[in-house]
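S.K.: Have a look at this one before I ask anything.
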Amino acid sequence: MSRQVRIMRGREWARPVRPVRREVLEATPGLDEGRPPLLFVPGFGHGAWAFAEHWLGHAAERGFSGYALSLRGQAGSGPAPEATLRAYAHDVVQVAAGLSRRAVLVGHGAGALVVAHALARYPARAAVMVAPVFGGWATAFTALRRNPLGTLPALVGGRLRCSRAQLFGRELPRDEARRHLSRLGRPARRAQWQLLLGREPEPAVGDPPVLVLGSPEDRVVPHPVLTRAARRYGSAPLLFPGMSHDLMLDARWREPIDGILDWLEKEPSAG
Amino acid sequence: MTTSTDHGRPDPESSTFDPARAGRSVSDRGETVCVIGAGPTGLTAIKNLTEHGFGVDCYERETGVGGVWNWRHDRSPVYASTHLISSRPLTQFPDFPMPDDWPDYPHHSQLLSYLERYADHFDLRRHVWFGTEVVRVEPVDGDRWDVTTRSTGGYGPERTSRYAAVVVANGHNWSPKLPTYEGLTEFRGEVMHASAYQDPAQLRGRRVLVVGAGNTGCDIATEAAQQAAHCWHSTRRGYWYAPKYLLGRPADQLNDLMLALRVPRRLRQWLFHRLLRASVGDLTRFGLPRPDHRMLETHPIVNSQLVYYLGHGRVTPVPEAVRFHPDSVELADGRQVDPELVVFATGYLPRFEFLDPKILGDDGTTGRPVLWLNAFVPNHPTLAVAGLVQPDSGIFPLSHWQSVLFARLLRLRETRPGKTAAFAATVTARAGERYSGPVKESSRHWFEVGHADYLRALQRALHDLEAK
Numbered sequence: 001m002s003r004q005v006r007i008m009r010g011r012e013w014a015r016p017v018r019p020v021r022r023e024v025l026e027a028t029p030g031l032d033e034g035r036p037p038l039l040f041v042p043g044f045g046h047g048a049w050a051f052a053e054h055w056l057g058h059a060a061e062r063g064f065s066g067y068a069l070s071l072r073g074q075a076g077s078g079p080a081p082e083a084t085l086r087a088y089a090h091d092v093v094q095v096a097a098g099l100s101r102r103a104v105l106v107g108h109g110a111g112a113l114v115v116a117h118a119l120a121r122y123p124a125r126a127a128v129m130v131a132p133v134f135g136g137w138a139t140a141f142t143a144l145r146r147n148p149l150g151t152l153p154a155l156v157g158g159r160l161r162c163s164r165a166q167l168f169g170r171e172l173p174r175d176e177a178r179r180h181l182s183r184l185g186r187p188a189r190r191a192q193w194q195l196l197l198g199r200e201p202e203p204a205v206g207d208p209p210v211l212v213l214g215s216p217e218d219r220v221v222p223h224p225v226l227t228r229a230a231r232r233y234g235s236a237p238l239l240f241p242g243m244s245h246d247l248m249l250d251a252r253w254r255e256p257i258d259g260i261l262d263w264l265e266k267e268p269s270a271g
Numbered sequence: 001m002t003t004s005t006d007h008g009r010p011d012p013e014s015s016t017f018d019p020a021r022a023g024r025s026v027s028d029r030g031e032t033v034c035v036i037g038a039g040p041t042g043l044t045a046i047k048n049l050t051e052h053g054f055g056v057d058c059y060e061r062e063t064g065v066g067g068v069w070n071w072r073h074d075r076s077p078v079y080a081s082t083h084l085i086s087s088r089p090l091t092q093f094p095d096f097p098m099p100d101d102w103p104d105y106p107h108h109s110q111l112l113s114y115l116e117r118y119a120d121h122f123d124l125r126r127h128v129w130f131g132t133e134v135v136r137v138e139p140v141d142g143d144r145w146d147v148t149t150r151s152t153g154g155y156g157p158e159r160t161s162r163y164a165a166v167v168v169a170n171g172h173n174w175s176p177k178l179p180t181y182e183g184l185t186e187f188r189g190e191v192m193h194a195s196a197y198q199d200p201a202q203l204r205g206r207r208v209l210v211v212g213a214g215n216t217g218c219d220i221a222t223e224a225a226q227q228a229a230h231c232w233h234s235t236r237r238g239y240w241y242a243p244k245y246l247l248g249r250p251a252d253q254l255n256d257l258m259l260a261l262r263v264p265r266r267l268r269q270w271l272f273h274r275l276l277r278a279s280v281g282d283l284t285r286f287g288l289p290r291p292d293h294r295m296l297e298t299h300p301i302v303n304s305q306l307v308y309y310l311g312h313g314r315v316t317p318v319p320e321a322v323r324f325h326p327d328s329v330e331l332a333d334g335r336q337v338d339p340e341l342v343v344f345a346t347g348y349l350p351r352f353e354f355l356d357p358k359i360l361g362d363d364g365t366t367g368r369p370v371l372w373l374n375a376f377v378p379n380h381p382t383l384a385v386a387g388l389v390q391p392d393s394g395i396f397p398l399s400h401w402q403s404v405l406f407a408r409l410l411r412l413r414e415t416r417p418g419k420t421a422a423f424a425a426t427v428t429a430r431a432g433e434r435y436s437g438p439v440k441e442s443s444r445h446w447f448e449v450g451h452a453d454y455l456r457a458l459q460r461a462l463h464d465l466e467a468k
């Protein structure tokens with residue numbers, strides 16, 4: 001990661017990202033106790049629905065207002081076939097800056113990479129990387145090995161398809177898994193390429209505390225990759241053994257979100 | 001992250017009796033930094049200082065945030081129709097964007113709501129003492145500062161607090177610069193400075209002379225074109241009037257596209273001249289003088305409508321006024337016009353009445369501080385002037401990075417004194433540097449900067465400071 005602050009952003013000043021309609025689902029607690037809002041950013045293919053399923057409601061029950069965003073071109077957000085990681089990060093920063101207080105950014109899968117890019121443009125109160133996919137060839141080879149038919153087309157610009165075995169564990173009922181799979185959308189072609197060949201995220205502004213969590217049995221993010229991702233932020237990953245990649249949809253979804261909220265309550269600068 | 005330092009209000013118990021302060025007690029605020037003004041620059045200074053772990057006390061003479069952009073403030077120069085002249089991406093804070101569905105050139109009320117949201121989002125108001133003005137700022141031993149304040153308007157007792165550092169962010173668009181003319185006092189018509197102009201109703205049905213071709217002067221002239229019985233627009237020389245849109249995009253974004261592609265300045269000037277000639281045409285046919293300088297050499301005047309109303313005959317361009325008679329104004333070409341209202345859109349001058357001018361390197365005759373990066377003061381490492389720039393973009397990003405640099409400098413004072421000593425030497429050696437190409441002389445041209453040149457210089461300073 002480059003450690004130098006970047007001031008000159010000529011391209012962004014000259015060619016601002018175009019606005020699109022953004023789907024934001026929210027759940028707010030009845031009583032506002034001054035806790036920081038959580039902004040959930042789904043990974044490629046997923047939408048805000050993935051967090052609305054369990055996590056948003058649970059966070060609200062514990063007194064945190066939760067917001068889940070669908071990246072452009074995904075789920076209920078406006079179409080954007082030419083979207084790039086820059087446009088995705090722009091969407092995250094726009095929603096975060098629209099909240100009443102400094103937000104905690106929670107990114108899942110490739111959404112964690114989007115959050116990492118957004119952290120360079122917005123001083124978040126804290127960040128949480130859930131089973132982060134920071135891209136690169138190692139991730140691509142893992143995906144090729146686990147799911148060759150779904151991954152090969154993506155390498156030539158086609159659609160990246162995730163399989164049930166990659167995303168969900170055996171404990172999740174078959175029809176529920178099928179329901180989630182049918183809702184998966186298609187990530188933008190250019191963003192897919194950037195996952196493989198994109199630039200490293202710039203350093204985060206405002207020095208936020210970062211929590212990395214995942215599962216050692218994750219079939220998208222192998223354990224060493226998860227450890228490496230956590231090391232970027234100077235920590236070790238918080239592990240939830242026996243869970244699958246989509247921790248927020250897993251049968252045991254309650255454990256990781258409680259882990260995140262407990263960490264936020266304990267972290268002095270985050271809470 | 002927010003700081004763990006104490007944010008409490010000045011605590012009377014920590015007061016010490018200081019004989020040097022003529023018997024007044026001085027409350028020592030420890031490592032806290034004082035910020036003067038809660039306008040956009042003051043707000044970003046509070047945000048960045050607290051983000052770097054400092055406690056901050058900000059003094060604001062008004063009762064709200066937003067500075068000049070808050071139309072409720074008595075020193076605010078905004079008028080009903082004020083819109084930005086730089087487009088959104090070049091105006092917003094780099095880490096807190098304006099909503100992307102806002103127009104390219106937002107209205108001043110949107111800008112105020114943006115600044116209020118910035119203050120709320122980062123919880124900045126708890127650091128601000130509203131309705132408090134700064135009377136004096138004096139250096140004391142150990143590079144610390146005694147800041148004397150009182151309630152706005154001079155009521156109540158003065159109190160003095162001692163701070164580790166001071167950021168001066170009192171703005172430069174509130175103290176009107178008024179020209180003097182022979183016979184102006186005998187003139188029977190109404191005379192006002194543009195700072196008193198608020199609403200086109202003030203112009204309706206009257207014969208109006210607008211003096212000055214800055215952005216405000218051109219805005220008022222176009223409003224007078226729509227409302228007044230007649231409008232004369234008096235300018236000292238010819239200018240380039242840049243339209244707000246060129247080649248289908250905001251003109252400043254086009255300029256930045258060329259900057260990003262590293263198109264040299266001369267070539268950019270040539271391209272803009274050709275573009276304006278092709279799209280707007282030759283302005284001398286309306287009776288305007290030919291510009292005596294190249295584009296990008298004065299603060300840009302961005303106004304698409306002035307040329308339109310010149311073409312409709314609603315604005316009559318006239319040369320400089322030389323003399324006022326009781327019933328008329330004499331112009332440089334000998335003509336006489338008879339306005340009922342004269343609006344002086346002649347700009348503002350920066351003022352630091354609470355600081356000894358010598359501290360800022362001003363020998364007392366020019367009124368021009370001598371600073372490095374328009375912000376850092378030779379021999380006073382814990383004092384910074386923020387926002388004293390007149391860029392060809394919005395000021396907010398420049399103020400943001402100034403305060404980031406200052407916050408990091410203060411942090412390094414404790415951990416790496418060698419680095420800060422080198423920085424101080426640079427400040428002394430390079431004070432007075434300019435960050436733009438050749439600029440036409442005027443009483444405020446000295447703080448005119450090109451945003452790209454300036455931010456590059458700031459980025460270099462930041463990298464040098466943090467280099468191993």
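First to last, the sequence lines map onto chains W and Z. Under the working numbering, think of the first position of the first sequence as 1, with each following residue one higher. Under the working numbering, think of the first position of the second sequence as 1, with each following residue one higher. Even glycine gets a Cβ: it sits at the ideal position worked out from N, Cα and C. Just so you know, these numbers come straight off a predicted model, no measurement behind them.
Assuming Ala-321 of chain Z and Val-211 of chain Z make a contact with CB atoms under 8 Å, what is their CB distance in whole Å?
M.R.: So it is a contact: roughly 6 Å between Cβ atoms.
S.K.: If we define contact as Cβ-Cβ less than 9 Å, is Asp-207 of chain W a contact residue for chain Z?
M.R.: Cβ-Cβ to chain Z under 9 Å: yes for Asp-207 of chain W.
S.K.: Please list the segments of the alpha helix (DSSP H) lying wholly inside the region 121-202 of chain W, counting only runs of 4 or more residues, in order along the chain.
M.R.: 137-146, 148-155, 164-167, 174-183 and 189-197, all fully within the region 121-202 of chain W.
S.K.: Between Z:Ala-228, Z:Tyr-155 and Z:Gly-238, which lies nearest to Val-342 of chain Z when the distance is taken from Cα to Cα?
M.R.: Among Z:Ala-228, Z:Tyr-155 and Z:Gly-238, the Cα nearest to that of Val-342 of chain Z belongs to Z:Ala-228.
S.K.: By a C-beta neighbour count over all protein chains shown, 10 Å radius and 16 as the cutoff for buried, is Lys-47 of chain Z buried or exposed?
M.R.: Flag for Lys-47 of chain Z reads buried.
S.K.: Quick test of your reading: Tyr-59 of chain Z and Trp-174 of chain Z, contact by CB under 8 Å. State the CB separation rounded to the nearest angstrom.
M.R.: 15 Å between Cβ atoms; not a contact.
S.K.: Buried or exposed: where does Leu-279 of chain W fall if 16 or more other Cβ atoms within 10 Å of its Cβ makes it buried?
M.R.: As shown, chain W starts at 1 and ends at 271. That puts residue 279 of chain W outside it, with no answer to give.
S.K.: Just the Cα atoms here: how many angstroms apart are Ala-177 of chain W and Arg-164 of chain W?
M.R.: Computed Cα separation, rounded: 7 Å.
S.K.: Out of W:Gly-43, W:Arg-86 and W:Glu-61, point me to the one whose CA is closest to Arg-15 of chain W's CA.
M.R.: Here the closest residue by C-alpha is W:Arg-86.
S.K.: Since Gly-10 of chain W contacts Leu-465 of chain Z with CB under 8 Å, what's their CB separation in whole angstroms?
M.R.: Rounded, the Cβ-Cβ distance is 23 Å, inconsistent with contact.
S.K.: Quick check: the Cα distance between Glu-234 of chain W and Thr-160 of chain Z, rounded to an integer number of angstroms?
M.R.: A small fix is needed here, since residue 234 of chain W is Gly in this sequence, not Glu. Their Cα atoms are separated by approximately 44 Å.
S.K.: Going by DSSP, which residues form a beta bridge with Cys-231 of chain Z?
M.R.: Note: Cys-231 of chain Z sits in a beta bridge opposite Z:Val-208.
S.K.: On the DSSP letters alone, give me the boundaries of the alpha helix (DSSP H) that Arg-265 of chain Z sits inside.
M.R.: Per DSSP, Arg-265 of chain Z belongs to the alpha helix (DSSP H) from 265-279.
S.K.: Quick check on this structure: which residue in Z:Arg-351, Z:Ser-393 and Z:His-400 has the alpha carbon closest to the alpha carbon of Phe-93 of chain Z?
M.R.: Among Z:Arg-351, Z:Ser-393 and Z:His-400, the Cα nearest to that of Phe-93 of chain Z is on Z:His-400.
S.K.: Please tell me whether, using a cut-off of 8 Å, the distance from the CB of Glu-202 of chain W to the nearest non-hydrogen atom of the ligand NAP is below it.
M.R.: In terms of ligand content, the structure shown is empty, and the ligand NAP therefore cannot be addressed.
S.K.: Taking the beta carbon of Asp-6 of chain Z as the centre, do at least 16 other beta carbons fall within 10 Å, making it buried, or is it exposed?
M.R.: Here Asp-6 of chain Z scores only 41 on pLDDT, less than 50, and its place in the model should not be relied on; the value that follows carries that caveat. Exposed is the call here.
S.K.: At what residue ranges does the region 65-139 of chain Z contain a whole run of the beta strand (DSSP E), taking only runs of 3 or more?
M.R.: Listed in chain order, they are 128-130.
S.K.: Can you give me, in chain order, the residues of the region 400-428 of chain Z that have a beta carbon less than 7 Å from any beta carbon in chain W?
M.R.: Answer in chain order: Trp-401.
S.K.: Looking at the C-beta of Trp-263 of chain W, does it have a partner C-beta in chain Z at a distance below 9 Å?
M.R.: False, the Cβ-Cβ gap to chain Z never drops below 9 Å.
S.K.: Go ahead and label His-193 of chain Z buried or exposed: buried means 16 or more other beta carbons lie within 10 angstroms of its beta carbon, across all protein chains shown.
M.R.: When all chains shown are included, His-193 of chain Z counts as buried.
S.K.: Going along the chain, which residues of its own chain have a beta-carbon closer than 7 Å to the beta-carbon of Ala-345 of chain Z, five neighbours each way excluded?
M.R.: Closer than 7 Å at Cβ, skipping near neighbours: Ala-194, Val-210, Val-211, Gly-212, Gly-214, Thr-216, Gly-217 and Ile-220.
S.K.: Do you know how far the Cα of His-312 of chain Z is from the Cα of Leu-331 of chain Z?
M.R.: Using only the alpha carbons, I get a separation of about 23 Å.
S.K.: Within 10 Å of its beta-carbon, does Ser-2 of chain W have 16 or more other beta-carbons around it, so buried, or fewer, so exposed?
M.R.: Residue placement at Ser-2 of chain W cannot be trusted, given a pLDDT of 48 that sits under 50; what the coordinates show is reported in the next sentence. With fewer than 16 Cβ atoms within 10 Å of its Cβ, Ser-2 of chain W is classed as exposed.
S.K.: What does the alpha-carbon distance come out to for the pair Thr-152 of chain Z and Ile-359 of chain Z?
M.R.: Distance between the alpha carbons of Thr-152 of chain Z and Ile-359 of chain Z is about 24 Å.
S.K.: Residues in the same chain with beta-carbon distance under 6 Å from His-127 of chain Z, minus the five sequence neighbours each way, listed in chain order, please.
M.R.: So the qualifying residues of the chain are Ile-46, Val-56 and Cys-58.
S.K.: Using 9 Å as the limit for Cβ to Cβ distance, is Pro-201 of chain W near chain Z?
M.R.: So, not an interface residue.
S.K.: Could you compute how far the alpha carbon of Tyr-239 of chain Z sits from the alpha carbon of Pro-317 of chain Z?
M.R.: Answer to the nearest angstrom: the Cα atoms are 12 Å apart.
S.K.: For the beta strand (DSSP E) holding Ser-70 of chain W, just list the boundary residues, first then last.
M.R.: Where Ser-70 of chain W is concerned, the enclosing beta strand (DSSP E) stretches over 66-70.
S.K.: Distance check for Pro-19 of chain W and Gly-57 of chain W, CA to CA, integer angstroms please.
M.R.: Each residue's Cα considered, the two are about 28 Å apart.
S.K.: Going along the region 65-99 of chain Z in order, which residues come within less than 9 Å of chain W, judged by CB to CB distance?
M.R.: Answer set for the region 65-99 of chain Z: Ser-87, Arg-88, Pro-89, Leu-90, Pro-94, Asp-95, Phe-96, Pro-97, Met-98 and Pro-99.
S.K.: Are the C-beta of His-90 of chain W and some C-beta of chain Z separated by less than 9 Å?
M.R.: True, the Cβ-Cβ gap to chain Z drops below 9 Å.
S.K.: Could you have a look at Trp-372 of chain Z and say whether DSSP puts it in helix, strand or coil?
M.R.: Strand, per DSSP.
S.K.: Between His-90 of chain W and Asp-100 of chain Z, is the Cβ-Cβ spacing less than 9 Å?
M.R.: Yes, Cβ-Cβ distance for His-90 of chain W and Asp-100 of chain Z is below 9 Å.
S.K.: Can you confirm whether Glu-12 of chain W, when its beta carbon is compared against all beta carbons of chain Z, has any partner nearer than 9 Å?
M.R.: Chain Z contact via Cβ: present.
S.K.: Examine the Cβ distances between the region 389-396 of chain Z and the region 176-188 of chain Z and report whether three or more of them are shorter than 8 Å.
M.R.: Touching, no, given that fewer than three Cβ pairs across the two stretches are closer than 8 Å.
S.K.: With 16 as the cutoff for other CB atoms within 10 Å, does Glu-13 of chain Z come out buried or exposed?
M.R.: Bear in mind that a pLDDT of 42 at Glu-13 of chain Z, under 50, signals an unreliable position, so the number given afterwards is only what the model happens to contain. Exposed, since its Cβ has fewer than 16 Cβ neighbours within 10 Å.
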